[in-house]
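Throughout, our numbering is defined as the position within the sequence shown, counted from one, plus 18.
Everything below concerns the one structure shown next.
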Amino acid sequence: MKIAIIGVGNMGGAVCEGLFNKGMNATYQITVSDKSVEKLEQLKCQYPTLEITTDNRQAAADAGMVIVAVKPWLVKPVVEELQMNENQIYVSIAAGVDFAQLESYTGLKAQPMYRVIPNTAISDQQSMTLICKCHTTAEQDALINELFGCMGRILFIPESKMAAGTAISSCGIAYALKYIQASIQAGIELGLTAKESRDLTVQTLIGATTLLNAHGEHPCVEIEKVCTPGGITIKGINSLEHDGFTSAVIKAMKASM
Ligand SMILES: NC(=O)c1ccc[n+]([C@@H]2O[C@H](COP(=O)([O-])OP(=O)(O)OC[C@H]3O[C@@H](n4cnc5c(N)ncnc54)[C@H](OP(=O)(O)O)[C@@H]3O)[C@@H](O)[C@H]2O)c1
19 MKIAIIGVGN
29 MGGAVCEGLF
39 NKGMNATYQI
49 TVSDKSVEKL
59 EQLKCQYPTL
69 EITTDNRQAA
79 ADAGMVIVAV
89 KPWLVKPVVE
99 ELQMNENQIY
109 VSIAAGVDFA
119 QLESYTGLKA
129 QPMYRVIPNT
139 AISDQQSMTL
149 ICKCHTTAEQ
159 DALINELFGC
169 MGRILFIPES
179 KMAAGTAISS
189 CGIAYALKYI
199 QASIQAGIEL
209 GLTAKESRDL
219 TVQTLIGATT
229 LLNAHGEHPC
239 VEIEKVCTPG
249 GITIKGINSL
259 EHDGFTSAVI
269 KAMKASM
């Protein structure tokens, strides 16, 4: 099967890299199309068997799957230009563009479609990718699972939960990085070098997520283990609460909806 990726910026480029890095090019013929010849040639240099073109319609013409990864406001003109048919699987990587809109752009009533929302860690195959589906078969679901499952974790959710999921995992990666940035700044004020503070912070976050993944507990269980009565950690935890940390995170997630 031929897979066409339209738009190889952050997301489309990362998907292309992920597919090659995981050896999917042995099974699938991968073609990418973009306005930017420079981006296309850069990818071609990295992956010589990749087919590149600036002609979106030509890229999609005989593809079994068409992945559209352009900015949300460009989805309509790009999809209208592609003139897909109902035998092609359409994968949309565009935040906030729903199936009803996509269907009105394609003019097709029964095309198998997926909305896929990765986060930027897809570039290193550590994405949390949300997927919702419409008019798809179990076989097509298995295919999308294979392709995106090799680039991190995936979760199939109903379209009604897509905006909430996007706030938590796609926008959420920026909030997690913001915590890391704050911790690094604190470490420097406390006398660590920037590198020491960064290394300590990053490994601490890896430790925290590893604990949660390994034991499946709620974070409060792990927090309690660190909080000796009258000790220094509970003082810091309570200071975070007094300054509205939990409320600030919840408000940020809700603002991203
Ligand atoms: N970034 C994220 O964290 C994230 C997460 C989840 C989902 N998304 C979604 O992913 C989509 C792509 O975002 P992105 O960050 O990857 O954007 P991006 O870096 O701007 O990539 C889009 C690419 O499409 C190219 N392009 C523009 N018009 C085109 C056309 N008519 N035909 C073919 N290619 C065209 C752009 O070229 P030029 O640069 O020359 O215009 C660019 O290379 C968005 O819809 C976004 O909602 C992004």
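Built from N, CA and C at the ideal position, the CB exists for glycine as well.
**Message:** Short of 7 Å in beta carbon distance, which residues of its chain neighbour M146, apart from the five on each side in sequence? Order them along the chain.
**Reply:** Residue mapping note: residue 146 aligns to position 128 of the sequence shown, counting from 1. N137, G170, R171 and S187.
**Message:** When you measure from the CB of S274 to every non-hydrogen atom of ligand 1, does any distance come out below 7 Å?
**Reply:** As a first step, residue 274 must be located in the sequence shown, where it is residue number 256. Every heavy atom of ligand 1 is 7 Å or more from the Cβ of S274, so no.
**Request:** Check whether the Cβ of M169 lies closer than 7 Å to any heavy atom of ligand 1, and answer yes or no.
**Result:** If you number the sequence shown from 1, residue 169 lands on position 151. Answer for M169: no, Cβ out of range of ligand 1.
**Helix, strand or coil at E235 [DSSP, three-state]** = Working through the sequence shown from its first residue, we reach residue 235 at position 217. When DSSP states are grouped into helix, strand and coil, E235 belongs to the coil group.
**Asked** How about M275: is its C-beta nearer than 8 Å to some C-beta of chain D?
**Response** Looking at the structure shown, chain D is missing, and only one protein chain is on hand.
**Item:** Within 8 Å, strictly: CB atoms of I135 and M180
**Value:** As a position in the sequence shown, residue 135 is number 117, starting the count at 1. As a position in the sequence shown, residue 180 is number 162, starting the count at 1. Yes.
**Message:** Suppose the cutoff is 6 Å on Cβ atoms and the five residues either side in sequence are ignored; what does the same chain contact list for G9 look like?
**Reply:** Outside the displayed span of the chain (19 to 275) sits residue 9, for which this structure offers no information.
**Message:** Can you determine whether any heavy atom of ligand 1 sits closer than 7 Å to the C-beta of P130, and answer yes or no?
**Reply:** Residue numbering aside, residue 130 sits at position 112 when the sequence shown is read from its first letter. Distances between the C-beta of P130 and the heavy atoms of ligand 1 are all 7 Å or more.
**Segment contact flag, the segment 243-253 with the segment 158-169, C-beta cutoff 8 Å, min 3 pairs** = Result no; under three Cβ-Cβ pairs closer than 8 Å.
**Item:** Through-space distance from D73 to Q144, alpha-carbon basis
**Value:** Numbered from 1 along the sequence shown, position 126 holds the residue referred to as residue 144. Numbered from 1 along the sequence shown, position 55 holds the residue referred to as residue 73. The straight-line gap from Cα to Cα measures roughly 31 Å.
**Message:** Please report the straight-line C-alpha distance between H233 and V220, rounded to a whole angstrom.
**Reply:** Within the sequence shown, the letter at position 215 stands for residue 233. Within the sequence shown, the letter at position 202 stands for residue 220. As the crow flies, the alpha-carbon of H233 is around 20 Å from that of V220.
**Asked** Relative to the C-alpha of V55, which residue among A78, A44, A81 and I24 is closest?
**Response** Taking the sequence shown and counting its residues from 1, the one referred to as residue 55 is at position 37. Comparing Cα-Cα distances from V55 to each of A78, A44, A81 and I24, the minimum goes to I24.
**Prompt:** What's the C-alpha gap between N231 and G125?
**Reply:** The count along the sequence shown starts at 1 and reaches residue 231 at position 213. The count along the sequence shown starts at 1 and reaches residue 125 at position 107. Rounded to the nearest angstrom, the two C-alpha atoms are 43 Å apart.
**Message:** Can you find the residues in the same chain that come closer than 7 Å, C-beta to C-beta, to Y193, ignoring five residues on each side of it along the sequence?
**Reply:** Working through the sequence shown from its first residue, we reach residue 193 at position 175. Hits under 7 Å: V267 and A270.
**Prompt:** Going by beta carbon distance, what residues of the same chain come within less than 8 Å of E99, once the five residues before and after it are set aside?
**Reply:** Here residue 99 refers to the residue found at position 81 of the sequence shown. The answer, listed in chain order, is N74 and R75.
**Asked** Does the Cβ of T264 have 16 or more other Cβ atoms within 10 Å, making it buried, or fewer, making it exposed?
**Response** Reading the sequence shown from its first residue, position 246 is the one you call residue 264. Counting the other Cβ atoms within 10 Å of the Cβ of T264 gives fewer than 16, which makes it exposed.
**Prompt:** What are the boundary residues of the alpha helix (DSSP H) that K89 is part of?
**Reply:** For the purposes of this step, residue 89 is taken as residue 71 along the sequence shown, with counting starting at 1. That residue, K89, is in no alpha helix (DSSP H); it is neither H nor E in DSSP.
**Asked** Whose CA, out of H153, L223 and F38, lies closest to the CA of E104?
**Response** Reading the sequence shown from its first residue, position 86 is the one you call residue 104. Nearest of H153, L223 and F38 to E104, Cα basis: H153.
**Message:** I'd like the list of long-range same chain contacts for F174, defined as Cβ closer than 6 Å, with 5 residues on each side in sequence excluded.
**Reply:** Working through the sequence shown from its first residue, we reach residue 174 at position 156. Within the same chain, F174 has close Cβ partners I149.
**Asked** Leaving out the 5 sequence neighbours to the left and right, which residues in its chain are closer than 6 Å to Q106 when beta-carbon positions are compared?
**Response** Numbered from its first residue, the sequence shown carries residue 106 at position 88. Closer than 6 Å at Cβ, skipping near neighbours: V84.
**Asked** What residues in its chain sit with their C-beta under 7 Å from that of T67, if we drop five residues either side in the sequence?
**Response** Residue mapping note: residue 67 aligns to position 49 of the sequence shown, counting from 1. Shown here for T67: same chain residues with a beta carbon closer than 7 Å to its own, the five before and five after excluded, namely N43 in chain order.
**Prompt:** Based on Cα-Cα distance, which residue from L208, E164, L37 and I198 lies nearest to A226?
**Reply:** Stepping through the sequence shown from its first residue, residue 226 is reached at position 208. For the residues L208, E164, L37 and I198, the minimum Cα distance to A226 belongs to I198.
**Asked** For T138, is the beta carbon positioned less than 7 Å from some heavy atom of ligand 3?
**Response** Ligand 3 is absent from the structure shown, which contains only ligand 1.
**Prompt:** Mind checking T251: buried by the 16 CB within 10 Å criterion, or exposed?
**Reply:** Within the sequence shown, numbered from 1, the residue matching residue 251 stands at position 233. Exposed, by the Cβ-count rule.
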